[in-house]
Each structure stands twice: as structure tokens, then as C-alpha cells.
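For reference, the structure discussed in these notes is given below.
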Amino acid sequence: MRRFFNSFIQIKRKPKLVLSFDGGGVRAIASIVFLKQLEIASGKKIFDVFDFFIGTSAGGINALNIAGRGVSCFDLEEFWSKENLSKTMSKSFWDNASFLQTKPKYDGEGKREVFFDYFKDKSLGESKKPVAVLTYDVENRRPRLLSSYDSPGIKMVSAASATSAAPIYYPTHEIDDGTWLIDGGIVANNPSLIGYSEAKKM
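For the sequence shown, the UniProt record's numbering assigns the number 1 to the initial residue and increments by one for each residue that follows.
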């Protein structure tokens with residue numbers, strides 16, 4: 001009887017749906033185009049369909065936008081506008097000087113301005129649904145997940161800056177606890193397995 005009851009409970013339990021976004025700017029934009037068509041076909045926002053969102057780099061920014069702000073994929077098109085992309089690529093002094101360049105290509109200031117326009121001063125703990133972004137801890141040489149449930153006090157702007165701090169292009173980002181992080185794409189550009197593991201813990 002106990003075995004039957006446990007099986008019944010497992011069948012009745014609603015599965016958690018995880019949406020994972022790969023890193024890479026082109027992939028991030030392509031994902032939004034595809035998901036927008038799903039929203040049109042289903043009549044539902046992607047935010048309402050999935051239970052947990054995870055992403056790396058530009059994919060992490062998508063995850064933060066959807067889970068953190070509760071927006072539709074139509075709203076995300078504005079985020080990836082030419083104007084915003086141009087702001088994120090404000091060149092550093094060293095790139096403009098174009099000699100002996102050992103510093104990142106972009107200074108990251110424009111990128112943070114764009115993030116603040118959308119995320120304001122909200123922390124991960126204020127996300128409307130569980131979300132996580134993958135980064136890499138350069139001092140301890142290991143991946144680090146910034147999430148709404150394990151690191152709720154970290155600002156969304158900070159999490160977005162860290163997961164998108166691609167080496168060569170953007171400077172290393174220091175989060176609130178003093179840890180220096182870079183783009184998690186150097187260890188897992190596709191964070192789907194990590195998302196699966198995290199969802200099982202919930």
C-alpha cells in the first residue's frame with residue numbers, strides 16, 4: 001500500500017520546468033526570437049510557463065530579465081536594441097589608444113548603465129521566480145552560481161555584470177562580497193545540466 005501511495009504522489013506531483021539559456025550574444029537574441037513565437041502560438045508568457053530560469057553570459061541576462069522582471073519576450077526585444085548594444089560596447093582608453101593593449105576592449109560602464117535602466121536597484125532575492133546565472137571565480141578557480149535563493153542579497157545589476165564579464169572584452173567584476181568574477185561561459189556555456197541539478201534541490 002505504501003509503495004502504491006508513493007507512486008501516486010510522484011505521478012501527481014507537477015514536474016518543474018527549467019528554461020536554460022546558452023551564452024553568446026547571437027544565441028541570446030535568437031532564443032528570444034524563437035521564444036516570442038512560442039508566446040504567440042500559446043498565448044502565454046514564457047515567464048508563466050517555466051518554474052526556474054538559468055543562463056550563462058548573455059543567456060544569463062535573458063534569464064534575469066524574464067525571472068527577475070517577469071517580462072515577456074516581446075519586452076526583451078527592446079533590451080537587445082541596437083541603441084542598448086551600442087552602449088554596452090563603449091570602448092576603453094586602451095582600445096582607443098590601440099597600442100600595447102593589455103586591458104579589456106570595453107570598459108563595462110555602458111553595460112552597467114543599461115543593466116541599471118532595467119533592473120534598477122533590485123536584488124536577486126526580489127526576483128519574481130527562481131533564477132540563477134553562472135559565473136567563474138578567478139581567485140579560487142571554480143564556477144560560482146549566483147541565484148535568487150542562495151545569494152538573494154546580490155544586486156541584479158551586479159549578477160548581470162559578472163555573468164557577462166567575458167575575458168578580453170570586459171573587465172573582471174567584483175560582487176558585493178568582494179569576490180572577483182568573470183563570464184561563466186569559460187566552464188559551461190550551456191548550463192542546462194546545472195539547471196537540472198538545481199531544480200531537483202528545490
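Where is the CB? At the ideal position from N, CA and C, for every residue including glycine.
If you reduce the DSSP assignment to three classes, tell me which class residue i lands in.
{"i": "S81", "result": "coil"}
{"i": "V71", "result": "coil"}
{"i": "S20", "result": "strand"}
{"i": "V138", "result": "coil"}
{"i": "S127", "result": "coil"}
{"i": "L193", "result": "helix"}
{"i": "residue 213", "result": "Missing from the structure shown is residue 213; the chain here goes from 1 to 202 and no further."}
{"i": "S42", "result": "helix"}
{"i": "Y106", "result": "strand"}
{"i": "S147", "result": "strand"}
Look at the alpha carbon of residue i and the alpha carbon of residue j, and state the distance between them as a whole number of angstroms.
{"i": "N189", "j": "G43", "result": "30 Å"}
{"i": "K103", "j": "P167", "result": "10 Å"}
{"i": "G184", "j": "M89", "result": "19 Å"}
{"i": "I154", "j": "I61", "result": "15 Å"}
{"i": "K14", "j": "K105", "result": "46 Å"}
{"i": "K111", "j": "I194", "result": "26 Å"}
{"i": "A165", "j": "S57", "result": "7 Å"}
{"i": "G108", "j": "Y169", "result": "9 Å"}
{"i": "M202", "j": "L17", "result": "12 Å"}
{"i": "S92", "j": "S127", "result": "Because the pLDDT of S92 is 49, which lies under 50, any placement of that residue in the model is unreliable, and the number read from its coordinates should be weighed accordingly. So the two alpha carbons sit approximately 32 Å from each other."}
{"i": "Y149", "j": "M156", "result": "13 Å"}
{"i": "W180", "j": "S158", "result": "11 Å"}
{"i": "V71", "j": "E113", "result": "19 Å"}
{"i": "K120", "j": "K200", "result": "31 Å"}
{"i": "T135", "j": "A162", "result": "6 Å"}
{"i": "R69", "j": "A160", "result": "13 Å"}
Count the other C-beta atoms from every protein chain shown that fall within 10 angstroms of the C-beta of residue i, then say buried if there are 16 or more, exposed otherwise.
{"i": "F47", "result": "buried"}
{"i": "P191", "result": "buried"}
{"i": "E198", "result": "buried"}
{"i": "S81", "result": "exposed"}
{"i": "F8", "result": "Only weak support exists for where F8 lies, its pLDDT of 39 falling under 50; the value from the coordinates is given anyway. By the neighbour-count rule (16 or more Cβ atoms within 10 Å), F8 is not buried but exposed."}
{"i": "I40", "result": "exposed"}
Every unbroken alpha helix (DSSP H) within the segment 151-189, with a cutoff of 4 residues, ordered by chain
Restricting attention to alpha helix (DSSP H) runs no shorter than 4 residues, the segment 151-189 encloses them at 156-163, ordered along the chain.
On the three-pair Cβ rule with 8 Å, is the segment 35-53 touching the segment 125-134?
Yes: the two stretches touch, three or more of their Cβ pairs being nearer than 8 Å.
Are the segment 57-71 and the segment 10-30 touching, with three or more C-beta to C-beta distances below 8 Å?
With a cut-off of 8 Å on Cβ pairs, the segment 57-71 is in contact with the segment 10-30, counting three or more such pairs.
Please determine if the segment 137-148 and the segment 24-36 are in contact, where contact requires at least 3 C-beta pairs separated by less than 8 Å.
Output reads no: the segment 24-36 does not touch the segment 137-148.
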